[in-house]
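S.K.: One gets this note's numbering by counting positions in the sequence shown from 1 and adding 124 to each.
Quick one: this structure, given as structure tokens, is what I'll be asking you about.
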Amino acid sequence: MRPERALLRLANAHSSPLPNNPMRKTILCLALLWPGFAQIVWAVCDPPILLEVEDITTTTAMLDWVPVGSETSWDLAVLPKGSPAPGAPTLSGVTSHPVFYTGLSPAMEYDFYVRAVCGGSAGAWTKYNGLFLTHSTNPSPCQVGLDIPDQGCVSLPIEISSAPGSQLGTDVYLQEVHLTVQHPWDADLDISLESPSGQIVLLTSDNGGQLDNYGDVGDLSCATYTTFGNLLEESVCSELSVSQGQAPFIGVYLPEEPLYQFDDGSDPAGSWQLHLCDDAQDDLGELLFVELVFAPLLCPPPVEPVLVEVDSTFATLDWTGGPNCANTIIEYGPAGFTPGTGTILNTGCPPQTIFGLQPNTGYDFYIRESCGPGQESSNTCPLTVTTICSPPPATLVENFDSQAACSGLCEDSCFVSGLWRNLRSDEMDWQIRSDSTPTALTGPPSDVSGSGQYLYMEASGFCYSTAEAILESNCIQVVAPGDECHMSFYYYMHGSGLGRLELQISLDAGLNWTPIWSALGEQGEQWIKQYISLDAYDGQTARFRFVARKGSQPQSDIALDEIRFYGSLDAGPPDQTYFYD
């Protein structure tokens, strides 16, 4: 381009196009009266704009920019984060763009600069707005030093080019994740891993308290790291969850979410993302090492065994089956038995009920699948189940179905008659209701049977957070020979800020009370049946009482139903009455 034409472009770019614009007139007049002025303006070499970095790999990146002048070439400088401003370029004489830049190091942050070269003279450097991060190899280089920003996040792509299989959960699985992270306050850290298919698994969140680091940061070989194991490995079943561990978490831990959640049939090859976040102020950390370990999967196992129902002689189990769940093998035996020595049950897909169990006995259940002759999956982790006792017929039953309903706020009174009654001198009364409690997100929707009434402590109202509701029994002639099934009841404790439920016994007609069972806080959104052994009191006359302490929130109702004694007899009200003090 001729200098005069470049000068006209400058005049148009930096001045209003109006014909009487003074700046535009001045530039054009100088160009006509002083031919050398055009050469001076032509010598100004404006830097490119809109720098971009794309298609990043472990060692390469595509660099691009938008020229604004008529430069003949460009110089590039790609420098590790924190380097001084460039003097000499790292790549010069570039005559076209974008540029495929090579020779980078994996898992490293870089600054990208470019400058225009006009007629042999270089202009000023312009810098990419931010850093770019190359992808990591697997394993990463040791002592990566990737900064974790204070109250911010960084994501490191990890390139997996090959694995011993092509479908996660079918022929390959993520066996372990190895990490070394330097951080002076582990409770600030949230670390998760994302697969190429977009599945995210939380590895750890706000664990470690005021202690520091994951792995041994002083090990310059990066061989002493934190390992997150996969429950598909039977040896991992006995390991602690990272939430129960202690920093620096050297050894094997269970992640907050299981690694088998990656098993969605997708290809493990591709770009995984390690997300590291600091969620509080003042403490800085850095990633030093990461490695993803994959293993072949010859026979996918079942996972997540849970107990659905248990009685005195049977247990119903559920689990997430593998592709061969029609050929499921359940092995069970006394709690603590060694797999291979138990009772074998060949069955099908879940759920399944195992019959013929002994009452009041602990069992371990292992579940695996057969994938063909001589080929079985690994076992699930053991599911420990204790069958309930087998009581004789109930001799005393209170289900509150014949009581007069009474419901209100926590300070309202309620009359309960018969074997059980509200203590008149306490701070709250147990109330009687058939449908759900008035406060949302707490209390049962109905009684145990679904059609009767139940007893509950209403937490809403103007009672103190430490207020108690006490339900006392008549005198009971305890008959409790042999087994553990002497008394039972259902309780329901669901909601935020729940308090405490306690069963107490008195052997002196109510003067002194001794706790024999208790439950504290959230117990789940369900009725729970509890059996109580009274063999220590066999042949004695006793009184019982349920003490419910109000929680800190209105969503903390506590309910009771179906209180039963098996063999014991009603001896009537006590001769003396002791008042709550």
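Cβ atoms here follow ideal geometry from the backbone N, Cα and C, with glycine treated the same way.
Short check: CB of PRO425 to CB of ASN503, under 9 Å?
M.R.: The residue you call residue 425 lines up with position 301 of the sequence shown. The residue you call residue 503 lines up with position 379 of the sequence shown. In contact: PRO425 and ASN503 (Cβ atoms closer than 9 Å).
S.K.: Can you tell me which of the three DSSP states TYR616 falls into?
M.R.: For this step, residue 616 is matched to residue 492 along the sequence shown. Of the three classes helix, strand and coil, the one that applies to TYR616 here is strand, per DSSP.
S.K.: Going by DSSP in three states, GLY353 sits in which element: helix, strand or coil?
M.R.: Here residue 353 refers to the residue found at position 229 of the sequence shown. Looking at GLY353 - three-state DSSP - the assignment turns out to be strand.
S.K.: Could you please give the first and the last residue of the uninterrupted beta strand (DSSP E) stretch that includes SER290?
M.R.: Translated into positions along the sequence shown, residue 290 becomes position 166. Run containing SER290: none; DSSP gives neither H nor E here.
S.K.: When you compare the CB positions of VAL325 and LEU412, do they come within less than 9 Å of one another, or not?
M.R.: Within the sequence shown, residue 325 is the residue found at index 201, counting from 1. Within the sequence shown, residue 412 is the residue found at index 288, counting from 1. Going by C-beta atoms, VAL325 is not nearer than 9 Å to LEU412.
S.K.: Report the CB separation of LEU313 from THR328 in whole angstroms; it is logged as a contact under 8 Å.
M.R.: As a working note, residue 313 is residue 189 in the sequence shown. As a working note, residue 328 is residue 204 in the sequence shown. Indeed, because the Cβ distance is near 7 Å, the residues count as touching under 8 Å.
S.K.: Under the assumption that GLY394 contacts ILE284 (Cβ atoms under 8 Å), give the Cβ distance between them as a whole number of angstroms.
M.R.: As a working note, residue 394 is residue 270 in the sequence shown. As a working note, residue 284 is residue 160 in the sequence shown. The pair is a contact, with the Cβ atoms about 6 Å apart (cut-off 8 Å).
S.K.: Residues in the same chain with beta-carbon distance under 6 Å from LEU644, minus the five sequence neighbours each way, listed in chain order, please.
M.R.: Here residue 644 is taken as the residue at index 520 of the sequence shown, counted from 1. If we look at LEU644 and ignore the five residues flanking it on each side, its Cβ neighbours are ARG624.
S.K.: So, under 8 Å CB-CB, TRP544 and LEU595 are touching, yes? Tell me the CB distance rounded to an integer number of Å.
M.R.: What you label residue 544 is simply residue 420 of the sequence shown in a count that begins at 1. What you label residue 595 is simply residue 471 of the sequence shown in a count that begins at 1. Between LEU595 and TRP544 the Cβ distance is about 5 Å, and since that is below 8 Å, they are a contact.
S.K.: Mind listing, in chain order, the continuous beta strand (DSSP E) runs of no fewer than 3 residues lying wholly within the stretch 402 to 434?
M.R.: List check, beta strand (DSSP E) in window: 409 to 420, 427 to 434.
S.K.: Taking the straight line between their C-alpha atoms, what separation do you get for ALA439 and VAL603?
M.R.: For the purposes of this step, residue 439 is identified with residue 315 of the sequence shown, where counting begins at 1. For the purposes of this step, residue 603 is identified with residue 479 of the sequence shown, where counting begins at 1. Their backbone Cα atoms lie some 29 Å apart in a straight line.
S.K.: What is the DSSP secondary structure of TYR578, counted as helix, strand or coil?
M.R.: On the sequence shown, residue 578 is found 454 positions in, with the first residue counted as 1. Three-state result, TYR578: strand.
S.K.: Bridge partners for VAL241 per DSSP, in chain order?
M.R.: Against the sequence shown, residue 241 aligns to sequence position 117. Answer is SER197, ALA246, bridged to VAL241.
S.K.: Just the C-alpha distance for LEU298 and PHE489, rounded to the nearest angstrom, thanks.
M.R.: Position 174 of the sequence shown, counted from the start, is the residue given in the question as residue 298. Position 365 of the sequence shown, counted from the start, is the residue given in the question as residue 489. Straight-line Cα distance between these residues: approximately 25 Å.
S.K.: Can you tell me the Cα-Cα spacing of SER597 and PRO569, whole angstroms?
M.R.: What you label residue 597 is simply residue 473 of the sequence shown in a count that begins at 1. What you label residue 569 is simply residue 445 of the sequence shown in a count that begins at 1. Roughly 26 Å between the two C-alpha positions.
S.K.: Alpha carbon to alpha carbon, what distance is there between PRO379 and GLY576?
M.R.: Position 452 of the sequence shown holds residue 576. Position 255 of the sequence shown holds residue 379. Cα-Cα distance, rounded: 44 Å.
S.K.: Decide if ILE151 is buried, meaning its Cβ has at least 16 other Cβ atoms within 10 Å, or exposed.
M.R.: The residue given as residue 151 occupies position 27 in the sequence shown. Since pLDDT at ILE151 reaches only 40, below the 50 mark, its modelled position is unreliable, and the value read off the structure follows with that caveat. Per the 10 Å Cβ criterion, buried.
S.K.: Among HIS302, GLN476, ALA660, SER537, which has the Cα closest to the Cα of PHE418?
M.R.: If you number the sequence shown from 1, residue 418 lands on position 294. Comparing Cα positions, the closest option is HIS302.
S.K.: I need the DSSP call for SER359, collapsed to helix, strand or coil.
M.R.: Within the sequence shown, numbered from 1, the residue matching residue 359 stands at position 235. Reduced to three states, the DSSP call for SER359 is helix.
S.K.: Taking 6 Å as the limit between beta carbons, can you name the residues of its chain near CYS263, skipping five residues before and five after?
M.R.: Here residue 263 refers to the residue found at position 139 when the sequence shown is read from its first residue. Looking at the sequence provided, one finds Pro at residue 263 rather than Cys. These residues qualify, in order along the chain: GLU415.
S.K.: So for CYS495, helix, strand or coil by DSSP?
M.R.: Taking the sequence shown and counting its residues from 1, the one referred to as residue 495 is at position 371. Strand at CYS495.
S.K.: Following the continuous beta strand (DSSP E) through PHE668, name the residue where it begins and the one where it ends.
M.R.: Translated into the one-based positions of the sequence shown, residue 668 becomes position 544. Here the beta strand (DSSP E) through PHE668 covers 665 to 673.
S.K.: How big is the Cα-Cα spacing for GLY480 and CYS449?
M.R.: Taking the sequence shown and counting its residues from 1, one reaches residue 480 at position 356. Taking the sequence shown and counting its residues from 1, one reaches residue 449 at position 325. One C-alpha to the other measures close to 23 Å.
S.K.: Looking only at its chain, what residues have a beta carbon closer than 7 Å to the beta carbon of ILE180, apart from the 5 residues adjacent to it on each side?
M.R.: The count along the sequence shown starts at 1 and reaches residue 180 at position 56. Excluding positions up to five away in sequence, the list reads PHE256, THR258, HIS259.
S.K.: Quick one, which of TYR661, SER642, GLY691 has its alpha-carbon nearest ILE682's?
M.R.: Your numbering for residue 682 matches position 558 in the sequence shown. Ranking the options by Cα distance to ILE682, first place goes to SER642.
S.K.: Considering only the beta carbon of each residue, do GLY532 and GLY585 sit closer than 9 Å?
M.R.: Here residue 532 is taken as the residue at index 408 of the sequence shown, counted from 1. Here residue 585 is taken as the residue at index 461 of the sequence shown, counted from 1. For GLY532 and GLY585, yes; Cβs fall inside 9 Å.
S.K.: How big is the Cα-Cα spacing for TYR655 and GLU551?
M.R.: Numbered from its first residue, the sequence shown carries residue 655 at position 531. Numbered from its first residue, the sequence shown carries residue 551 at position 427. Their Cα atoms are separated by approximately 28 Å.
S.K.: Across which residues does DSSP place LEU400 in a beta bridge pair?
M.R.: In the sequence shown, the residue the question calls residue 400 occupies position 276. Beta-bridge pairing links LEU400 to VAL278, ILE315.
S.K.: Once you ignore the five residues that flank SER365 on each side, which residues in its own chain have a CB closer than 6 Å to its CB?
M.R.: Along the sequence shown, one-based indexing puts residue 365 at 241. Closer than 6 Å at Cβ, skipping near neighbours: LEU378.
S.K.: Would you tell me roughly how many angstroms separate the C-alpha atoms of GLN677 and GLU535, rounded to the nearest one?
M.R.: Taking the sequence shown and counting its residues from 1, one reaches residue 677 at position 553. Taking the sequence shown and counting its residues from 1, one reaches residue 535 at position 411. Using only the alpha carbons, I get a separation of about 15 Å.
S.K.: Closest by CA to PRO420, which one among PRO463, VAL296, TYR456?
M.R.: Position 296 of the sequence shown, counting from 1, holds the residue named residue 420. That would be VAL296, whose Cα lies nearest to the Cα of PRO420.
S.K.: Could you tell me the alpha carbon to alpha carbon distance between VAL541 and SER514, rounded to whole angstroms?
M.R.: By one-based count along the sequence shown, residue 541 stands at place 417. By one-based count along the sequence shown, residue 514 stands at place 390. The sequence given here places Ser at residue 541; Val does not occur at that position. Between SER541 and SER514, the C-alpha separation is close to 29 Å.
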